[in-house]
Amino acid sequence: MRGFRWLGAGLLLLAGGMSRADSYQATVISPEAEVRCGPGDGPRMYVTNRLRKGDVVEVVKELPDGWLAIKPPPGSFSW
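The sequence shown maps to residues 0 to 78 in numbering that gives the first Met the number 0.
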């Protein structure tokens with residue numbers, strides 16, 4: 000999905016008070032989180048960036064299996 004990067008939901012502390020249809024900010028709570036080009040951790044879903052504890056991202060979509068689409072953080076890359 001162009002324009003999004005993907006992150007596992009278990010790595011974030013989610014901001015409350017917003018519906019799933021809205022975008023919202025979330026804060027990374029693990030020491031490091033990999034940002035991937037798509038949902039999943041298989042070889043085709045390469046890492047585009049790494050986030051650190053305390054980094055804030057904007058979540059724009061949630062998948063039922065726990066992956067979150069986020070706006071690309073600075074320094075992310077994709078082809």
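Here a beta-carbon is modelled for each residue, glycine too, at the ideal position from N, C-alpha and C. As the structure is a computational prediction, the values presented were derived from the model and not from experiment.
**Asked** Which of helix, strand or coil does DSSP assign to L50?
**Response** If you number the sequence shown from 1, residue 50 lands on position 51. Three-state result, L50: strand.
**Request:** Measure the alpha-carbon distance for V27 versus G65 and round it to whole angstroms.
**Result:** As a working note, residue 27 is residue 28 in the sequence shown. As a working note, residue 65 is residue 66 in the sequence shown. If I take the Cα positions, the gap works out to 15 Å.
**Asked** With 7 Å set as the bound, which would you pick, yes or no: does the beta-carbon of A68 sit closer than that to a beta-carbon of chain D?
**Response** Absent from the structure is chain D; it holds one protein chain and no more.
**Request:** Using DSSP bridges, identify the partner residues of Y23.
**Result:** Mapped onto the sequence shown, residue 23 falls at position 24. DSSP, once it has assigned bridges, lists V58 as partnering Y23.
**Item:** Nearest neighbour of A25, chosen from G74, P63, C36 and D54 [CA to CA]
**Value:** If you number the sequence shown from 1, residue 25 lands on position 26. When each option's Cα is compared against that of A25, the closest is D54.
**Message:** Spatial neighbours of P72 within its chain, please: C-beta separation below 8 Å, excluding the five flanking residues on both sides.
**Reply:** Working through the sequence shown from its first residue, we reach residue 72 at position 73. Within its own chain, the residues whose Cβ lies closer than 8 Å to the Cβ of P72, once the five positions on either side in sequence are excluded, are R4, V34, N48, L50, D54 and V56, listed in chain order.
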